[in-house]
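Under the working numbering, think of the first position of the sequence shown as 5, with each following residue one higher.
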Amino acid sequence: MTAPTAPTGRTFAKGHGTANDFVLVPDPAGQWDPSPEEVAVICDRRTGIGADGLIRAVRSASLGAGVPLAAEAEWFMDYRNADGSLSEMCGNGVRVYAEYLLREGFVPAEAGDGRWWSVATRGGIKRVRREADGQWTVHMGPWRLSGGAEAARTASDALVGVPGLDGVPRPALSLDLGNPHTVVALAGTDELAAADLTRAPVVEPVPPYGTNVELVVPLHSVDVTGDSRPDIGEVVMRVHERGVGETRSCGTGACAAALATRLWAGAGAPDVWRVDVPGGQLTVTVEPGGSVEAGTCLLTGPAVIVADGVLAAGVLEAGVLSAG
Ligand SMILES: N[C@@H](CCC[C@H](N)C(=O)O)C(=O)O
Numbered sequence: 005m006t007a008p009t010a011p012t013g014r015t016f017a018k019g020h021g022t023a024n025d026f027v028l029v030p031d032p033a034g035q036w037d038p039s040p041e042e043v044a045v046i047c048d049r050r051t052g053i054g055a056d057g058l059i060r061a062v063r064s065a066s067l068g069a070g071v072p073l074a075a076e077a078e079w080f081m082d083y084r085n086a087d088g089s090l091s092e093m094c095g096n097g098v099r100v101y102a103e104y105l106l107r108e109g110f111v112p113a114e115a116g117d118g119r120w121w122s123v124a125t126r127g128g129i130k131r132v133r134r135e136a137d138g139q140w141t142v143h144m145g146p147w148r149l150s151g152g153a154e155a156a157r158t159a160s161d162a163l164v165g166v167p168g169l170d171g172v173p174r175p176a177l178s179l180d181l182g183n184p185h186t187v188v189a190l191a192g193t194d195e196l197a198a199a200d201l202t203r204a205p206v207v208e209p210v211p212p213y214g215t216n217v218e219l220v221v222p223l224h225s226v227d228v229t230g231d232s233r234p235d236i237g238e239v240v241m242r243v244h245e246r247g248v249g250e251t252r253s254c255g256t257g258a259c260a261a262a263l264a265t266r267l268w269a270g271a272g273a274p275d276v277w278r279v280d281v282p283g284g285q286l287t288v289t290v291e292p293g294g295s296v297e298a299g300t301c302l303l304t305g306p307a308v309i310v311a312d313g314v315l316a317a318g319v320l321e322a323g324v325l326s327a328g
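Below you can see the structure in the form of structure tokens.
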């Protein structure tokens with residue numbers, strides 16, 4: 005059993021992006037390094053606050069001398085999954101984190117004025133921008149097919165058994181968005197609804213660091229400008245997240261879903277994709293200059309802070325003890 009390290013009476017905020025929800029804990033000086041058990045206690049939906057993940061707001065400079073991130077990004081997003089495991093990146097979380105930093109006054113008010121500024125993550129520096137409608141756009145930085153050129157050629161590098169379906173493993177594509185993803189196309193929305201994501205999909209070969217699995221059904225592409233090249237693609241997605249289970253949305257997963265579907269659609273596929281998730285809608289924009297196997301993309305979606313609170317004294321200690 006790990007001894008609790010958090011002072012009790014700790015404040016937190018609760019927020020979500022397309023119903024992917026987070027507990028945000030301010031720790032500017034980097035004095036609290038929660039154990040996996042403590043994170044799990046906080047994220048428990050019955051005995052804790054309840055969330056898909058915990059975000060610790062830490063000044064990059066407090067991470068230690070020589071951390072190169074501090075010069076570029078004042079704040080580091082320390083992201084933990086609900087089971088206490090670390091992740092490199094969270095696309096919904098970084099938007100909610102940006103909204104939280106702005107609301108707390110941790111960044112100047114001008115950071116909400118449509119300009120780009122930077123947040124540090126384990127997956128590298130991510131630039132964020134608040135749009136006029138209050139949504140946030142994240143420059144997600146580099147993505148790549150985990151299987152490189154060969155995966156681009158075969159359009160698949162893994163097999164996924166989806167619980168609740170016919171038991172036949174489906175071809176899938178692995179992508180790296182800073183964190184790992186495996187995208188599987190299903191035949192239609194009936195299959196998507198029938199998948200049982202209370203159980204983890206079985207991925208072969210087994211990814212060395214685990215993976216988030218996206219089930220997708222491409223819908224249609226729309227030619228808005230009438231030049232016969234589709235301008236917007238649309239895909240519907242459910243996700244099983246590493247370290248959590250099924251969630252109602254995943255921002256990095258939406259990017260992976262859009263990028264895989266775009267590759268499968270072939271030459272002339274749109275660069276802008278609407279991704280419908282159970283918790284809402286996200287937009288993924290593939291930037292020019294990439295190839296079929298690597299590039300950069302943007303993610304746009306909402307970020308909402310819904311509550312502020314104080315963790316009651318003794319909760320972590322009691323939770324960690326009862327979990328043990
Ligand atoms: N929901 C997030 C991804 C969170 C991390 C993921 N579960 C992992 O372990 O990589 C998103 O919006 O991207």
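Ideal Cβ placement from N, Cα and C applies to all residues, glycine included. Treat the numbers as computed from the prediction; the structure is a model and nothing was measured.
For Gly116, does the three-state DSSP call read helix, strand or coil?
Mapped onto the sequence shown, residue 116 falls at position 112. It is helical.
What does the Cβ neighbour count give for Ser232, buried or exposed, with the cut at 16 atoms within 10 Å?
The count along the sequence shown starts at 1 and reaches residue 232 at position 228. Classification of Ser232: exposed, given that the 10 Å Cβ count is below 16.
Can you check which of these residues, Val226, Leu196, Leu190 and Pro184, is closest to Tyr213 by C-alpha distance?
Working through the sequence shown from its first residue, we reach residue 213 at position 209. Of the candidates Val226, Leu196, Leu190 and Pro184, the one whose C-alpha sits nearest the C-alpha of Tyr213 is Pro184.
Is it buried or exposed for His20, if we count other Cβ within 10 angstroms and need 16 for buried?
Within the sequence shown, the letter at position 16 stands for residue 20. Per the 10 Å Cβ criterion, buried.
Near ligand 1: Ser122 beta-carbon under 7 Å from a heavy atom
On the sequence shown, residue 122 is found 118 positions in, with the first residue counted as 1. No.
Where Pro234 falls: helix, strand or coil (DSSP)
In the sequence shown, the residue the question calls residue 234 occupies position 230. Under the three-state reduction of DSSP, Pro234 is assigned to coil, being neither helix nor strand.
Reference Val29, options Ile309, Ala322, Gly318 and Glu321, closest by Cα:
Counting from one through the sequence shown, the residue named residue 29 turns up at place 25. Comparing Cα positions, the closest option is Ile309.
Compare the C-alpha of Glu76 against each of Ala162, Asn216 and Arg131 and name the closest.
What you label residue 76 is simply residue 72 of the sequence shown in a count that begins at 1. Taking only the C-alpha atoms, the option nearest Glu76 is Arg131.
Candidates His224, Ala86 and Glu245: closest to Glu218 by CA position:
Position 214 of the sequence shown, counted from the start, is the residue given in the question as residue 218. Comparing Cα-Cα distances from Glu218 to each of His224, Ala86 and Glu245, the minimum goes to Glu245.
Under a three-way DSSP split, which group does Trp268 fall into?
For this step, residue 268 is matched to residue 264 along the sequence shown. The three-state secondary structure of Trp268, taken from DSSP, is helix.
CB Ala264 to CB Val187, shorter than 8 Å?
Taking the first residue of the sequence shown as 1, we reach residue 264 at position 260. Taking the first residue of the sequence shown as 1, we reach residue 187 at position 183. Yes; because the gap between Cβ atoms is below 8 Å, this pair is in contact.
Contact set for Pro222: own chain, Cβ-Cβ below 6 Å, skip 5 residues either direction:
On the sequence shown, position 218 is the one that residue 222 refers to. Only Val239 and Thr265 meet the Cβ criterion.
Heavy atom of ligand 1 less than 7 Å from the Cβ of Glu245, yes or no?
The count along the sequence shown starts at 1 and reaches residue 245 at position 241. Shortest gap from the CB of Glu245 to any heavy atom of ligand 1: under 7 Å.
Tell whether a beta-carbon distance below 8 Å holds between Met81 and Ala44.
On the sequence shown, residue 81 is found 77 positions in, with the first residue counted as 1. On the sequence shown, residue 44 is found 40 positions in, with the first residue counted as 1. Not closer than 8 Å, so no.
Helix, strand or coil for Gly323? Go by DSSP, reduced to three states.
Looking up residue 323 in the sequence shown gives position 319. Looking at Gly323 - three-state DSSP - the assignment turns out to be helix.
Confirm the yes/no value for this check: CB of Val248, any heavy atom of ligand 1, distance under 7 Å.
Translated into positions along the sequence shown, residue 248 becomes position 244. Yes; taking the cut-off as 7 Å, the Cβ of Val248 has a heavy atom of ligand 1 nearer than that.
Burial state of Asp194, where buried means 16 or more other Cβ atoms lie within 10 Å
By 1-based counting over the sequence shown, the position of residue 194 is 190. Burial call: exposed.
Taking 8 Å as the cut-off, decide whether the C-beta atoms of Thr215 and Val207 are in contact.
Indexing the sequence shown from 1 puts residue 215 at position 211. Indexing the sequence shown from 1 puts residue 207 at position 203. Yes. Within cutoff.
Should the segment 83–95 be regarded as contacting the segment 247–265, the criterion being three or more beta carbon pairs within less than 8 Å?
yes
With DSSP run on the structure shown, which of helix, strand or coil describes Pro40?
Within the sequence shown, the letter at position 36 stands for residue 40. DSSP places Pro40 in the helix class (H, G or I) of the three-state scheme.
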